[in-house]
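Worksheet: the structure to be examined is printed underneath.
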Amino acid sequence: AELAERKRRLACARVEADAGGGIVKAVVSGEGELVELHISPEVVAEGDAEMLEDLVLAAVKEAQARARELARKEMSDLAGGLPPGMLP
1 AELAERKRRL ACARVEADAG GGIVKAVVSG EGELVELHIS PEVVAEGDAE MLEDLVLAAV
61 KEAQARAREL ARKEMSDLAG GLPPGMLP
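For the sequence shown, the working numbering assigns the number 1 to the initial residue and increments by one for each residue that follows.
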């Protein structure tokens, strides 16, 4: 029951990261699923697709890394003496 509750909380949690000084912001669930992506209109108007792609990728990767850390913290005390990687 405790594990199910923690999984539910992670699914509802939101973690965000930005890139380019806030030009791109990615929001992921606590499970690492991308749920929102915000792009500043100014960067779209500039038409630099390669830079925009890099910023989106950086923001999403950072948000996912933060979500993994949140999940690790949320589940760590449940792991007890289990070897790494044994939690579902």
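Backbone N, C-alpha and C fix where the C-beta goes; we use that ideal spot for every residue, glycine too.
All values derive from a computational prediction rather than experimental measurement.
| Asked | Found |
| --- | --- |
| Separation of Asp77 from Ala49, as counted between CA atoms | 43 angstroms |
| Classification of Leu3 by the beta-carbon crowding that lies within 10 angstroms, buried from 16 upward | exposed |
| Sequence-distant residues of the same chain with beta carbon closer than 6 angstroms to His38, five excluded per side | Lys25 |
| Asp54 to Asp18 span [Cα, whole Å] | 12 angstroms |
| C-alpha distance - Ala67 paired with Glu16, whole-angstrom precision | 9 angstroms |
| Nearest candidate by alpha-carbon position, reference Ala58, set Pro41, Val44, Gly22 and Ala45 | Gly22 |
| Where the alpha helix (DSSP H) through Ala1 begins and ends | Element bounds for Ala1: n/a, residue is neither H nor E. |
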